[in-house]
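Structure first, then comments.
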Amino acid sequence: MRFQDAAKDARTVVYAGVQADPLVRRAAALLADATPAQRVLARAVMNGETADADGWRLAFPSLFGAAAPPRGDPARDRAEGILEASLAVAGRGEQVRSQVRGAIVEALTEDLLGRRVPPSALRRERRILFDGVHAEIHPYDLTVEVAGAAEAYDCKWGARGISADVLHQLDDARGHAAAEGERLLPVLVVFDARRSCEVRLARQTARRAGTRLVTIETLDRLAGRRAEAAS
Amino acid sequence: MSSIPALVERVVLALAGLVALGETIDDEWTYVHDLETVWVARLRAVAAARAELPPDSGLEPALARLIDEVGRISDPHRAIDWLSTLPQATLVAIGEPAW
Chain A
1 MRFQDAAKDA
11 RTVVYAGVQA
21 DPLVRRAAAL
31 LADATPAQRV
41 LARAVMNGET
51 ADADGWRLAF
61 PSLFGAAAPP
71 RGDPARDRAE
81 GILEASLAVA
91 GRGEQVRSQV
101 RGAIVEALTE
111 DLLGRRVPPS
121 ALRRERRILF
131 DGVHAEIHPY
141 DLTVEVAGAA
151 EAYDCKWGAR
161 GISADVLHQL
171 DDARGHAAAE
181 GERLLPVLVV
191 FDARRSCEVR
201 LARQTARRAG
211 TRLVTIETLD
221 RLAGRRAEAA
231 S
Chain B
1001 MSSIPALVER
1011 VVLALAGLVA
1021 LGETIDDEWT
1031 YVHDLETVWV
1041 ARLRAVAAAR
1051 AELPPDSGLE
1061 PALARLIDEV
1071 GRISDPHRAI
1081 DWLSTLPQAT
1091 LVAIGEPAW
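Chain order of the listed sequences is A and B.
This note's numbering numbers the first residue of the first sequence as 1 and each following residue consecutively.
This note's numbering numbers the first residue of the second sequence as 1001 and each following residue consecutively.
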């Protein structure tokens, strides 16, 4: 089993520009330390139709209402920062918004993984090659390249992004690694509720027993932390 | 002041509107209806458990704002995203875990 940088085709060049957008890095940094409710706020606003910040504050009383922490409190300031960044994402055109949201989930996953694994082991946009096996075209969003304990990540904004192709690629990588006597943990990270992901997975026939599912409520496990309740 | 079950039924109605929009994507018809089924069940279970409790003063305007937000959606793809997002935001507003 070998890891290799993805080929620099037109898609990767364009997408690299999206990944390098300062808004992506800022939103990911805020979400890495966010509460579950703050992450739901980001999901709603980035999916939203309106750009009225006060309207969104009204919609999330536990974060911005009378009983919420006052301005100046770190939790409130983070909620305000997430609201501001999410509105900036929503303000992009529809196609760009979709790319930015995906890049944020990848950057968030990278931030959280970076709290558990050494930087030298954490890589972006890598392919995994196996002897005698035709290489997959699409690289993995993130890989943890540790001998004997490798991990491969595919990141999705929503449950609807879960497809048979994604599940097959992840499971095939695990199987090919096992055939070479290596251990590779495939992980699907989805910035959506597990309930919605399970609905999506229920009608998929692709093998996924060896693939770990990390959802919006369990993101902190990427960093080795336990999940919190989201109210 | 409306009860929590009454407020949640307004959200259920808004979800039905999202379903009507999302199901126009033929390949996602089953997924859209399955999402509605599981989330409505979750929301109604939470509402039933809180039926005797007065809602916080911020809940009714919060849900009204969220329902207004989804009422503006015209894109079926975004409607499908909101079939998952609206229940989570509703549960956060109620003060429940969002899943």
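The C-beta atom is built at its ideal place from N, Cα and C for all residues, glycine as well.
Option nearest residue i by Cα separation, candidates the options
i	options	result
threonine 1090/B	Ala1020/B, Val1032/B, Asp1068/B	Asp1068/B
aspartate 171/A	Arg160/A, Asp73/A, Leu184/A, Glu84/A	Leu184/A
leucine 1066/B	Leu1021/B, Asp1026/B, Ala1014/B	Ala1014/B
arginine 1044/B	Glu1023/B, Ile1004/B, Gly1058/B, Arg1072/B	Ile1004/B
leucine 108/A	Arg208/A, Val190/A, Gly175/A	Val190/A
phenylalanine 3/A	Gly158/A, Asp131/A, Ala103/A, Glu84/A	Asp131/A
isoleucine 216/A	Gly210/A, Arg195/A, Ala206/A	Arg195/A
tryptophan 1029/B	Val1008/B, Ala1047/B, Ile1080/B	Ile1080/B
isoleucine 1094/B	Thr1037/B, Ala1064/B, Pro1055/B	Pro1055/B
7 Å Cβ cutoff, residue i in contact with chain A
i	result
arginine 1050/B	no
isoleucine 1073/B	yes
serine 1084/B	yes
valine 1046/B	no
tryptophan 1029/B	no
Element boundaries [beta strand (DSSP E), containing residue i]
i	result
arginine 1065/B	Element bounds for arginine 1065/B: not the beta strand (DSSP E) but the alpha helix (DSSP H), 1059-1071.
proline 186/A	184-190
Close-in-space but distant-in-sequence residues of the same chain around residue i (CB under 7 Å, 5 per side omitted)
i	result
arginine 78/A	Leu30, Asp33, Ala34, Gln38
proline 69/A	Ala75, Arg76
glycine 1022/B	Glu1028, Val1032, Pro1076, Ala1079, Ile1080, Leu1083
Residues near residue i by beta carbon distance below 6 Å, same chain, minus five either side
i	result
alanine 229/A	Low confidence applies to alanine 229/A: its pLDDT is 49, below 50, so where it sits in the model is not reliable, and the reading given next is rough at best. Same-chain partners within the cutoff: there are none.
arginine 232/A	For chain A, the structure presents residues 1 to 231; residue 232/A sits outside this window and is missing.
serine 231/A	With a pLDDT of 43 at serine 231/A, under the threshold of 50, the modelled position of that residue is not reliable, and the figure given next carries that caveat. Excluding residues within five positions, none has a Cβ falling inside 6 Å.
Within-7 Å CB hit, residue i to chain B
i	result
glutamate 80/A	no
valine 18/A	no
glutamate 49/A	yes
glutamate 217/A	yes
cysteine 61/A	Before going further, note that residue 61/A is proline rather than cysteine in the sequence given. Yes, contact with chain B.
arginine 160/A	yes
alanine 230/A	Note that alanine 230/A scores a pLDDT of 45, beneath 50, so its modelled location is shaky; the value from the coordinates is reported in the next line. It does: the Cβ of alanine 230/A has a partner Cβ on chain B nearer than 7 Å.
heavy atom of the ligand GDP below 6 Å from residue i C-beta
i	result
arginine 78/A	With respect to small molecules bound, the structure shown includes none, and the ligand GDP cannot be examined in it.
Contacts around residue i, its chain only, beta-carbon distance under 8 Å, and the 5 residues preceding and following it disregarded
i	result
alanine 20/A	none
arginine 43/A	Phe191, Asp192, Ile216
field: Complete runs of the alpha helix (DSSP H) confined to the stretch 1010-1062 of chain B [at least 4 residues]
entry: 1029-1049
task: Ignoring anything shorter than 4 residues or poking outside the stretch 114-182 of chain A, list the alpha helix (DSSP H) runs there in chain order.
output: 164-179
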